[in-house]
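Under our numbering, the residue at position 544 of the sequence shown is numbered 660, and the numbers go up by one with no gaps.
Have a look at the structure below before the remarks.
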Amino acid sequence: MDDGAQGTDAGGDERTRQPPSDFVANANVTDADVDAAFDATWPDCWRRAADLLDWERDYDDVLDDADPPFYEWFPGGELNASVNCVDRHLAERKNQVAIKWIGKRGERRTYTYLDLHREVNAAAAALRDLGVEEDDVVTLYLPMTPELPITMLACARIGAPHNVVFAGLSAEALSTRIDAAESEYLVTCDGYYRREDAFNQKSKADNARLRLDGDLEATVVVDRLGDELRTPLGDDEYDYGTLIDAHDGETVDPVARDAGDLLFVMYTSGTTGEPKGVEHATGGYLSHVTWTTEAVLDVKPDDTYWCAADIGWITGHSYGVYGPLSVGTSTLLFEGTPDYPDRDRVWELIDRNAVTVFYTAPTAIRSFMKWGEEYPANHDLSSLRLLGTVGEAISPRAWEWYHEHVGGGDCPVVDTWWQTETGAILLATLPGVDAMKPGKVGPPLPGISAQVVDERGDPVDPGETGYLAIDRPWPGMLRGLRGGDERYRREYWEETDDGWVYHTGDGATVDEDGYVTVLGRLDDVITVRSQRLSTAKLESAIVEAEGVTEAAVVGDEQGDIYAYVTTKSGVETDDTLRETVADRLEYEVGPIARPDEIVFTTELPKTRSGKIMRRLLEDITRGNEFGDVSALRNPEVVGEISSAVE
Ligand code: AMP
């Protein structure tokens with residue numbers, strides 16, 4: 117195992133790890149001066165990303181910045197995303213696996229690139245036959261079945277932007293997103309399995325339809341459950357399988373899209389506020405996603421790659437579908453859950469499929485830690501060569517656990533920072549170039565200019581908390597918000613003396629080496645005796661305590677600190693552990709951070725995308741009324757926590 121070298125950062129006992137030399141020997145990007153090279157030629161450097169794609173018409177220029185913040189990447193260029201993700205791989209690897217699907221009940225289906233080509237074409241022909249034209253938005257409300265990436269690519273083929281709504285969202289959320297996107301076409305399914313039970317998705321879609329301002333032209337229904345659930349089809353409703361059979365063998369000429377044309381809209385879930393329809397353009401987005409899939413996740417065509425995120429979120433779009441398929445690799449698509457039928461499900465699948473690159477989220481890693489290292493230890497995970505994480509800050513302890521118990525101590529771990537709005541990764545280490553620092557995301561990627569700034573926009577000193585801001589545009593950036601140019605400008609951008617700056621909304625620190633630690637949303641800050649403390653900083657201190665797996669910190673009206681803590685199974689949740697947690701906070705942050713209450717709980721309340729709902733914990737702490745909790749992934753914990761607090 118590579119122990120790496122000791123770091124010199126002000127943070128104290130920080131450890132720096134060099135990328136393993138056998139990894140570097142085969143990495144996609146190894147040029148140590150890549151950063152300087154991008155800087156010297158910006159924005160032309162981004163040709164390196166765009167030229168990974170096949171263009172129908174070459175772009176005239178790299179960036180048109182005449183009307184900031186409405187930047188146009190690769191103007192004049194024309195391309196089709198489905199050609200880049202499917203057709204162009206047929207010459208060299210038509211029989212290679214593109215998507216290997218594992219259903220919730222252990223069903224398996226494999227699509228080679230040739231199979232994918234056939235079904236994407238049939239689906240595109242079917243959609244067109246139903247009346248879908250270029251620029252019509254098609255809403256997809258499907259679980260993790262192959263029909264989801266297939267219909268996304270079918271939409272891309274005919275130039276119809278997709279609007280994927282996470283399958284677990286409610287009828288109300290679906291209807292809001294259909295209306296807001298002005299979408300008249302829906303692809304959904306009869307239902308899907310939740311653990312043992314068949315769950316009726318179509319009835320949710322029906323309820324959504326009743327709430328719509330307008331009506332749908334056509335609804336396509338995938339038969340996921342067969343005889344277990346028969347949902348009768350009404351007017352303007354079509355069975356997906358019947359449509360595919362009817363159009364099987366047809367080919368649809370891909371529509372050449374302008375680089376700036378809409379590829380998809382994605383409504384951000386968020387833990388607060390009105391959902392925003394984030395729009396991504398075809399050329400810039402696909403270039404940036406393809407480049408980072410290669411440069412950061414180091415994916416190659418001969419990999420077996422697994423991004424565990426649901427396609428209903430941006431990670432699943434960028435690194436579950438578009439990135440890997442554009443690179444031409446083999447991906448795993450898993451419908452199930454990591455603890456069913458047992459807590460070794462993920463490790464069993466990595467072992468059985470010889471997965472080489474695995475990308476997941478800290479929330480999953482913390483669950484794995486909680487369940488115990490015996491689960492990964494019982495499987496052969498030696499096929500893995502790179503691990504990735506995204507979605508939240510990962511504590512040094514969780515990073516080390518992942519590195520050691522999943523990566524066997526010799527896989528680089530890339531902590532990747534990005535947002536729905538950024539489309540693709542902006543901050544991370546390049547695994548073939550940069551040293552890793554557990555708990556720190558890393559530097560901005562080549563070509564990305566990010567700063568940690570204070571309220572006035574001036575860069576803060578190393579170690580000081582500030583705001584993460586991006587001061588140059590990047591190809592994967594949102595091209596705008598659906599129906600809201602003014603909102604786009606107002607919510608994200610500021611014109612300064614040095615040009616336009618994009619505000620990420622995240623708090624961060626940066627160290628002497630330019631490594632950024634992202635502390636989470638800026639509103640996740642509590643004020644204790646007039647000092648502002650980042651909840652993420654407090655939480656990452658708590659999870660360093662032995663036996664602790666997750667923590668959420670909130671403040672009450674008096675500025676008292678409440679820490680909600682979950683532990684590994686079998687750990688005594690007694691006063692000794694309380695003392696340990698409090699000591700950790702005092703040691704890492706200072707005496708001011710000693711919590712007033714520590715509440716042990718079996719789980720923390722989470723959104724469907726796995727983010728901790730601090731706002732709800734705050735309501736519980738303060739004894740406020742809290743609204744409907746059915747949108748949570750685990751509403752049952754609310755009662756448990758409320759009674760513990762009382
Ligand atoms: P979303 O737009 O839902 O994908 O969420 C984006 C937000 O997730 C970011 O603004 C951060 O607050 C958080 N986030 C994503 N990746 C990381 C990371 N690697 N480290 C810390 N926070 C992250």
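We treat Cβ as the ideally placed atom computed from N, Cα and C, and that holds for glycine.
These figures come from a predicted structure and were not determined experimentally.
**Study point:** Nearest neighbour of Val405, chosen from Asp377, Val443, Pro370 and Asp418 [CA to CA]
**Key:** Start at 1 with the first residue of the sequence shown, and residue 405 comes out as number 289. For Val405, the nearest C-alpha among the options comes from Val443.
Practice item. Taking only the alpha-carbon atoms, compute the straight-line gap between Val715 and Thr682 and give it to the nearest angstrom. Key: Translated into the one-based positions of the sequence shown, residue 715 becomes position 599. Translated into the one-based positions of the sequence shown, residue 682 becomes position 566. Those two C-alpha atoms are separated by around 9 Å.
Practice item. Taking only runs that begin and end inside the region 139 to 174, name each unbroken alpha helix (DSSP H) of 4 or more residues, in chain order. Key: 150 to 157 and 163 to 166
Review point. Which value, in whole angstroms, describes the spacing of the CA atoms of Leu302 and Val248?
Key: Counted from its first residue, the sequence shown places residue 302 at position 186. Counted from its first residue, the sequence shown places residue 248 at position 132. Taking the straight line from one Cα to the other gives about 11 Å.
Practice item. Return helix, strand or coil for Thr388, following the three-state DSSP convention. Key: Residue 388 sits at position 272 when you count from the first residue of the sequence shown. Low local confidence applies: a pLDDT of 47 at Thr388 is under 50, so the model's placement there is unreliable, with the coordinate-based value given in what follows. The answer is coil: DSSP assigns Thr388 none of H, G, I, E or B.
Review point. Is the beta carbon of Val202 sitting closer than 8 Å to the one on Leu232?
Key: The residue labelled residue 202 in the question sits at position 86 within the sequence shown. The residue labelled residue 232 in the question sits at position 116 within the sequence shown. In this structure, Leu232 lies closer than 8 Å to Val202 by Cβ.
Review point. Quick one: Cα of Asp252 to Cα of Glu333, how far?
Key: Sequence index remark: in the sequence shown, residue 252 carries index 136 (1-based). Sequence index remark: in the sequence shown, residue 333 carries index 217 (1-based). C-alpha separation (whole angstroms): 11 Å.
Practice item. Compare the beta carbon distance of Asp339 and Gly357 with 8 Å and say whether it is the shorter of the two. Key: The residue you call residue 339 lines up with position 223 of the sequence shown. The residue you call residue 357 lines up with position 241 of the sequence shown. Yes, Cβ-Cβ distance for Asp339 and Gly357 is below 8 Å.
Review point. According to DSSP, which residues form a beta bridge with Glu610?
Key: For this step, residue 610 is matched to residue 494 along the sequence shown. Under DSSP, the beta-bridge partners assigned to Glu610 are Val617.
Check your understanding: Could you give the residue range of the alpha helix (DSSP H) that holds Tyr703?
Key -> Taking the first residue of the sequence shown as position 1, residue 703 is located at position 587. It spans Asp691 to Glu704 - the alpha helix (DSSP H) in which Tyr703 sits, taken as one unbroken run.
Practice item. Answer yes if the region 365 to 383 comes into contact with the region 271 to 281, meaning at least three C-beta pairs across the two stretches below 8 Å, and no otherwise. Key: yes
Check your understanding: Residues in its own chain within less than 6 Å of Cys423 by CB, not counting five upstream and five downstream?
Key -> Here the question's residue 423 lines up with position 307 in the sequence shown. Within the same chain, Cys423 has close Cβ partners Tyr435, Gly436 and Tyr475.
Exercise for review: Assign Arg273 to one of three DSSP states: helix, strand, or coil.
Suggested key: Indexing the sequence shown from 1 puts residue 273 at position 157. Note: Arg273 maps to helix in three-state DSSP.
Review point. Should Val557 and Asp574 be called a contact, given that it needs their Cβ atoms to be closer than 8 Å?
Key: As a first step, residue 557 must be located in the sequence shown, where it is residue number 441. As a first step, residue 574 must be located in the sequence shown, where it is residue number 458. No, Cβ-Cβ distance for Val557 and Asp574 is not below 8 Å.
Review point. Rounded C-beta distance between Gly400 and Pro591? I'm assuming under 8 Å.
Key: Locating residue 400 in the sequence shown gives position 284, counting from the first residue. Locating residue 591 in the sequence shown gives position 475, counting from the first residue. Indeed, because the Cβ distance is near 4 Å, the residues count as touching under 8 Å.
**Study point:** Status (buried if at least 16 other CB within 10 Å, exposed otherwise) for Glu250
**Key:** As a working mapping, residue 250 is identified with position 134 in the sequence shown. Counting Cβ neighbours within 10 Å, Glu250 comes out exposed, since fewer than 16 surround it.
Review point. Mind checking whether the beta-carbon of Ile430 lies closer than 7 Å to any heavy atom of the ligand AMP?
Key: In the sequence shown, residue 430 corresponds to position 314, counting from 1. Within the cutoff, so yes.
Review point. Should Thr228 be listed as close to the ligand AMP, given that the test is whether its C-beta is under 7 Å from any heavy atom?
Key: Counting from 1 along the sequence shown, the entry for residue 228 is found at position 112. No, since every heavy atom of the ligand AMP falls outside the 7 Å radius drawn around the Cβ of Thr228.
Check your understanding: Does the Cβ of Ile757 have 16 or more other Cβ atoms within 10 Å, making it buried, or fewer, making it exposed?
Key -> By one-based count along the sequence shown, residue 757 stands at place 641. Around the beta-carbon of Ile757, 16 or more other beta-carbon atoms lie within 10 Å, marking it buried.
Review point. In angstroms, rounded to a whole number, what distance separates the CA positions of Leu230 and Arg164?
Key: Reading the sequence shown from its first residue, position 114 is the one you call residue 230. Reading the sequence shown from its first residue, position 48 is the one you call residue 164. Cα to Cα, the separation comes out at about 28 Å.
Exercise for review: Would you tell me roughly how many angstroms separate the C-alpha atoms of Val761 and Glu688, rounded to the nearest one?
Suggested key: Residue 761 sits at position 645 when you count from the first residue of the sequence shown. Residue 688 sits at position 572 when you count from the first residue of the sequence shown. Whole-angstrom Cα-Cα distance: 19 Å.
Practice item. Specify, as a first and last residue, the run of the beta strand (DSSP E) that Cys201 falls within. Key: Against the sequence shown, residue 201 aligns to sequence position 85. From DSSP, Cys201 is part of no beta strand (DSSP E) but of the alpha helix (DSSP H) over Ala197 to Cys201.
Exercise for review: May I ask you to list the residues that DSSP assigns as paired with Met552?
Suggested key: Numbered from 1 along the sequence shown, position 436 holds the residue referred to as residue 552. In DSSP, Met552 forms a bridge with Arg133.
Review point. Quick one: Cα of Ile510 to Cα of Gly330, how far?
Key: On the sequence shown, residue 510 is found 394 positions in, with the first residue counted as 1. On the sequence shown, residue 330 is found 214 positions in, with the first residue counted as 1. Taking the straight line joining both Cα atoms gives about 43 Å.
Review point. How big is the Cα-Cα spacing for Asp138 and Leu168?
Key: Along the sequence shown, read from residue 1 onward, the residue named residue 138 stands at position 22. Along the sequence shown, read from residue 1 onward, the residue named residue 168 stands at position 52. Roughly 25 Å between the two C-alpha positions.
Exercise for review: Using only alpha-carbon positions, find the residue among Val394, Gln134, Thr226 and Phe154 that is nearest to Thr538.
Suggested key: Looking up residue 538 in the sequence shown gives position 422. Ranking Val394, Gln134, Thr226 and Phe154 by Cα distance to Thr538 puts Val394 first.
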